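Chemist: Starting off with a structure, shown below.
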Amino acid sequence: MKKIKVKSPANIAFIKYWGQKDKKLILPYNDSFSMNLSNCYTIVELNIHEDKFVQELYIKDYQQKEYVKDKGEALVKVKKFLKTTERFFGRKADFGFKIYSQNSFPKKAGIASSASFFSALALALTLAFGEKLSQKNLSILARLSGSGSACRSVPDGFSWWRRGESSFTSYAFSLAPPSFWDLNDLVLILSKQEKKVPSVEGHLNAPTSPFFKLRLIDIKRRLRLIKKAFLNKDFSLFGLLVEEDCLSMHMVMMTQKPPLFYWSSQTFEIIKKTVTLRKRGVEAYYTIDAGENVHIICQRKDKEKVYDYFINQPEVLEIITNEPTIGTRVI
Ligand code: DP6
Numbered sequence: 546m547k548k549i550k551v552k553s554p555a556n557i558a559f560i561k562y563w564g565q566k567d568k569k570l571i572l573p574y575n576d577s578f579s580m581n582l583s584n585c586y587t588i589v590e591l592n593i594h595e596d597k598f599v600q601e602l603y604i605k606d607y608q609q610k611e612y613v614k615d616k617g618e619a620l621v622k623v624k625k626f627l628k629t630t631e632r633f634f635g636r637k638a639d640f641g642f643k644i645y646s647q648n649s650f651p652k653k654a655g656i657a658s659s660a661s662f663f664s665a666l667a668l669a670l671t672l673a674f675g676e677k678l679s680q681k682n683l684s685i686l687a688r689l690s691g692s693g694s695a696c697r698s699v700p701d702g703f704s705w706w707r708r709g710e711s712s713f714t715s716y717a718f719s720l721a722p723p724s725f726w727d728l729n730d731l732v733l734i735l736s737k738q739e740k741k742v743p744s745v746e747g748h749l750n751a752p753t754s755p756f757f758k759l760r761l762i763d764i765k766r767r768l769r770l771i772k773k774a775f776l777n778k779d780f781s782l783f784g785l786l787v788e789e790d791c792l793s794m795h796m797v798m799m800t801q802k803p804p805l806f807y808w809s810s811q812t813f814e815i816i817k818k819t820v821t822l823r824k825r826g827v828e829a830y831y832t833i834d835a836g837e838n839v840h841i842i843c844q845r846k847d848k849e850k851v852y853d854y855f856i857n858q859p860e861v862l863e864i865i866t867n868e869p870t871i872g873t874r875v876i
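And the structure:
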């Protein structure tokens, strides 16, 4: 029995992907830009079985001691992705599998657990098929998993997902390695509850927001500016653009039909407290994905100050500190 073990990080988007132009091919309306997170990752171990009918998934969640056999939703998605991979390589899988997946962070809480899982699975399945893919093509395969942001977990450090016009031109590449800039992402865990509406449903309804068109116009400017701010390491401009994009995406979410409110009252308190912290001279900026937890972006030199401030807030249950890291790898 052959074993393949892959580790892949979650990522936090500075400029976000919201809305799918093509829901089958998972083509986004806009480019997005993210950082891989060193302490939020998934390890997938794929055990290959000769018997094609063996198809099992075991999950060990954040802070759990044992693997639990998945009987539902997650296994269905894995089987679907296996079919996608078969089409990608143009042949049927001649193997069965037992997959063991473990997460270093709470899943479905706005920390892109599906991105780390599916990017890891994309590489594991590629190897199980006996294939080798360039980083570009692996990112395309990861995108086709349905969790589009998975494509950004494949390259190292800071990833740029070019929206592209077709499946072959929509992929992520590394804009800079992890060592380029010592940004930190402190994930403030405010709740460990799973989000109620999966991103996939939300993406489809994004164009029903009257603000969606405006977002797409404005995002072109933001993408241009953030790239410049990033390459010049202009943290003040960078941080403001990160917050601007977060608010723009959540404005679309809250005004699409049906509306999506991922924020809780705690989320809002933390937004206000981040602004207060900044007024006290500590440069920290917030961003929020499809969940109520908040990501605080700062430079490494300010990490302790940011940590000490937030760990003492009543809304914060726990903090996961992250540095930029490499992408999907065999371990
Ligand atoms: C809000 O469809 O990639 O995080 O499958 O839930 O991981 P999951 O999400 P996906 O959409 C992610 C959207 C986002 C913004 C972003 O990461 O760009």
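Counting the sequence shown from 1 gives a position; this note's numbering is that position plus 545.
Ideal Cβ placement from N, Cα and C applies to all residues, glycine included.
For clarity, every value in this text was computed on a predicted model and none was experimentally measured.
Near F674, which residues of its chain fall below 6 Å by C-beta distance, leaving aside the five closest residues on each side in sequence?
Modeler: The count along the sequence shown starts at 1 and reaches residue 674 at position 129. Answer for F674: F634, listed in chain order.
Chemist: Which value, in whole angstroms, describes the spacing of the CA atoms of F559 and E618?
Modeler: Position 14 of the sequence shown holds residue 559. Position 73 of the sequence shown holds residue 618. Cα-Cα distance, rounded: 29 Å.
Chemist: CB-CB under 6 Å to E601, same chain, minus the five flanking residues each way: which ones, in chain order?
Modeler: By 1-based counting over the sequence shown, the position of residue 601 is 56. If the five residues before and after E601 are omitted, its C-beta is found closer than 6 Å to the C-beta atoms of K643, all from its own chain and listed in chain order.
Chemist: Taking only the alpha-carbon atoms, compute the straight-line gap between P803 and G747 and give it to the nearest angstrom.
Modeler: Looking up residue 803 in the sequence shown gives position 258. Looking up residue 747 in the sequence shown gives position 202. Looking at the two C-alpha atoms, the distance is approximately 9 Å.
Chemist: Under 7 Å, do V839 and I833 count as touching if we go by C-beta distance?
Modeler: Against the sequence shown, residue 839 aligns to sequence position 294. Against the sequence shown, residue 833 aligns to sequence position 288. Yes, the pair counts as a contact, with Cβ atoms nearer than the cut-off.
Chemist: The alpha helix (DSSP H) spanning S781 covers which residue range?
Modeler: Residue mapping note: residue 781 aligns to position 236 of the sequence shown, counting from 1. First-last of the alpha helix (DSSP H) with S781: F780 to T800.
Chemist: Would you give the residue range spanned by the alpha helix (DSSP H) that F640 belongs to?
Modeler: Position 95 of the sequence shown holds residue 640. Here F640 belongs to no alpha helix (DSSP H), and DSSP marks it neither H nor E.
Chemist: Could you tell me whether any non-hydrogen atom of ligand 1 is closer than 6 Å to the CB of Y586?
Modeler: Locating residue 586 in the sequence shown gives position 41, where the first residue counts as 1. Not so, every heavy atom of ligand 1 lies at least 6 Å from the Cβ.
Chemist: Let me check you understand the geometry: is the CB of K628 closer than 6 Å to at least one non-hydrogen atom of ligand 1?
Modeler: Mapped onto the sequence shown, residue 628 falls at position 83. Checking every heavy atom of ligand 1 against the Cβ of K628, none is found closer than 6 Å.
Chemist: Going along the chain, which residues of its own chain have a beta-carbon closer than 6 Å to the beta-carbon of K550, five neighbours each way excluded?
Modeler: As a working note, residue 550 is residue 5 in the sequence shown. Cβ within range, chain order: E590 and I876.
Chemist: Need the endpoints of the alpha helix (DSSP H) that Q738 sits in, please.
Modeler: The residue you call residue 738 lines up with position 193 of the sequence shown. Looking at the DSSP string, Q738 is not in any alpha helix (DSSP H), and its letter there is neither H nor E.
Chemist: Which of the three DSSP states, helix, strand or coil, is assigned to S664?
Modeler: As a position in the sequence shown, residue 664 is number 119, starting the count at 1. Note: S664 maps to helix in three-state DSSP.
Chemist: So, are the CB atoms of G702 and S690 less than 7 Å apart?
Modeler: Here the question's residue 702 lines up with position 157 in the sequence shown. Here the question's residue 690 lines up with position 145 in the sequence shown. No, these two residues do not count as a Cβ contact at 7 Å.
Chemist: Name the residue from D779, F855, R636 and N682 whose alpha carbon lies nearest to the alpha carbon of V699.
Modeler: Here residue 699 corresponds to residue number 154 of the sequence shown, with the count starting at 1. Out of D779, F855, R636 and N682, N682 has the C-alpha closest to the C-alpha of V699.
Chemist: Cutting at 6 Å between CB atoms, please list the residues of its own chain near K616, excluding the five before and the five after it.
Modeler: Residue 616 sits at position 71 when you count from the first residue of the sequence shown. Here the set comprises nothing.
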